[in-house]
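Reviewing the structure listed below.
Residue numbers (the numbering used here): 1467 to 1895.
Set out below in structure tokens:
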């Protein structure tokens, strides 16, 4: 804020959520004492109410000729005079300053709200029911990730903050709610980088009588709608990249994408040869890591960063997807896809496994991985298996990282730019 004027007048710019105008204070209107008070005390960051007549100056600037004013709140800790000196870390720690000083930041978070509202409108039009499932769960499941653990004192039991909504949403399918979705917070006790935060927003949706091809079509419709509404003619600018969403998205098999990049038919390699190939590409192999997990690491390292235009990668190795249905044509694979845009994963989908006996076998295999040292494998969920045994229709499911989607739609390079209050390390004192 820059106060300007003569000894008897003063112009002060004032802003709120809707815009900026200037307040014109005149000694003759306010009296000497009131004018001296405002001139001496008003500082950047103060909250002030003014009353008067609106006019335009000769230069066309919208102005209030102040007849009366009220101090609403005093900023005893002044706002920084130079917003651009604030680092990303400082903006994330002190979001109130970021929002107060930066119209672009305010616009981005308003756009986040508009994007989520548009997603809800889309699913309403597709006849999906929005539901809510538990955040605190007696078992974690639905994804391969480490959970946060807590304790319920009254029940004297360990609980986990959910890593995914999947298993509860599938129980609703069993119960006859044939199309359900949830936009909710999930929590994973893992590392942090520009696309990962331990607390994040996920979309999950499930539809009875669908498979992963139906979900692929639904996902493409959703993303295209958002790109048309929030982009330019169906195109999105993300840093130096330009992605087009008007044309049909590319579709490629997981193993074909790996072979295309490495020049090697990985299906023809034994486990030791796959491990050696990973080492050649600088991938550190962890204890208990099986063949399919190594293939996934190879994919993440070699293929994923180059998937710039919207691409569905489909038909993954079975071990990577313990909740997905076996591929109807290819042994050892499952009916799954991931959507990649701008070099990162945006969505994940299955033809959901609905055979409770096969699901139990998959869970037993996951249990063996836990015993071998894999701390991201999934435990056996007896309650979910019991629900499946009541009869689960063929189902398609999809999960999408909402924060990453908003990064893409707002051209934000870091997930902290689209989270009002991201998790941070303690500030050094």
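Virtual Cβ for every residue (Gly too), placed ideally from N, Cα, C. It should be emphasised that the depicted structure is a prediction, and the values quoted were computed from it without experimental measurement.
- Under the 10 Å beta carbon count, residue 1828 is surrounded by 16 or more other beta carbons and is classified as buried.
- For residue 1748, the closest of 1733, 1765 and 1734 by C-alpha to C-alpha distance is 1765.
- According to DSSP, residue 1676 shares a beta bridge with no other residue.
- The continuous beta strand (DSSP E) containing residue 1528 extends over residues 1528 to 1539.
- Residue 1484 is not bridged by DSSP to any residue.
- Beyond the five residues adjoining it in sequence on each side, residue 1759 comes within less than 6 Å, by CB distance, of no other residue in the same chain.
- Taking 8 Å as the upper bound for CB-CB distance, residue 1872 and residue 1776 are not in contact here, some 16 Å apart.
- Around the beta carbon of residue 1564, 16 or more other beta carbons lie within 10 angstroms, which makes this residue buried.
- For residue 1531, the closest C-alpha among the options 1543, 1882 and 1496 is that of 1496.
- If you draw a straight line from the Cα of residue 1529 to the Cα of residue 1880, it is about 38 Å long.
- Here DSSP, grouped into helix, strand and coil, assigns residue 1808 to coil.
- The straight-line gap separating the alpha-carbon atoms of residue 1846 and residue 1614 is approximately 18 Å.
- Per the C-alpha coordinates, the member of 1526, 1577, 1830 and 1508 positioned closest to residue 1545 is 1508.
- By the 16-neighbour rule on beta-carbons within 10 angstroms, residue 1706 is exposed.
- Inter-segment contact for the segment 1643 to 1655 and the segment 1579 to 1594 is present: three or more beta-carbon pairs are separated by less than 8 Å.
- Residue 1733 carries a helical assignment under DSSP once its states are collapsed to helix, strand and coil.
- For the pair residue 1574 and residue 1833, the Cα-to-Cα distance works out to about 43 Å.
- Annotation: residue 1675 to residue 1514 spans about 59 Å, alpha carbon to alpha carbon.
- Secondary structure at residue 1522: strand, using DSSP grouped into helix, strand and coil.
- If the five residues before and after residue 1824 are omitted, its C-beta is found closer than 8 Å to the C-beta atoms of 1792, all from its own chain and listed in chain order.
- Residue 1863 and residue 1634 do not touch by the CB rule: their CB atoms are close to 12 Å apart, not below 8 Å.
- According to the DSSP assignment, residue 1836 belongs to the alpha helix (DSSP H) that extends over 1822 to 1837.
- One alpha carbon belongs to residue 1479, the other to residue 1641, and they sit about 59 Å apart.
- For residue 1701, the enclosing beta strand (DSSP E) has its first and last residue at 1701 to 1704.
- DSSP places residue 1682 within a helical segment (H, G or I) once states are collapsed to three.
- Spanning the alpha carbons of residue 1798 and residue 1643 requires a straight line of approximately 31 Å.
- Short of 7 Å from the beta carbon of residue 1540, and not among the five residues preceding or following it, lie these beta carbons of its own chain, in chain order: 1512.
- In the DSSP annotation of this structure, the continuous segment of the beta strand (DSSP E) that includes residue 1651 starts and ends at 1645 to 1653.
- DSSP places residue 1868 within a helical segment (H, G or I) once states are collapsed to three.
- When DSSP states are grouped into helix, strand and coil, residue 1760 belongs to the helix group.
- With respect to the 9 Å criterion, residue 1831 and residue 1788 are classified as neighbours on the basis of their beta carbons.
- The three-state reading of DSSP puts residue 1660 in coil, since its state is none of H, G, I, E or B.
- The alpha-carbon of residue 1670 is positioned some 10 Å away from that of residue 1868.
- Look at residue 1718 here: in three-state DSSP terms it is strand.
- In this structure, DSSP gives residue 1708 an extended state, which the three-state scheme calls strand.
- Going by C-alpha positions, residue 1664 is about 14 Å away from residue 1610.
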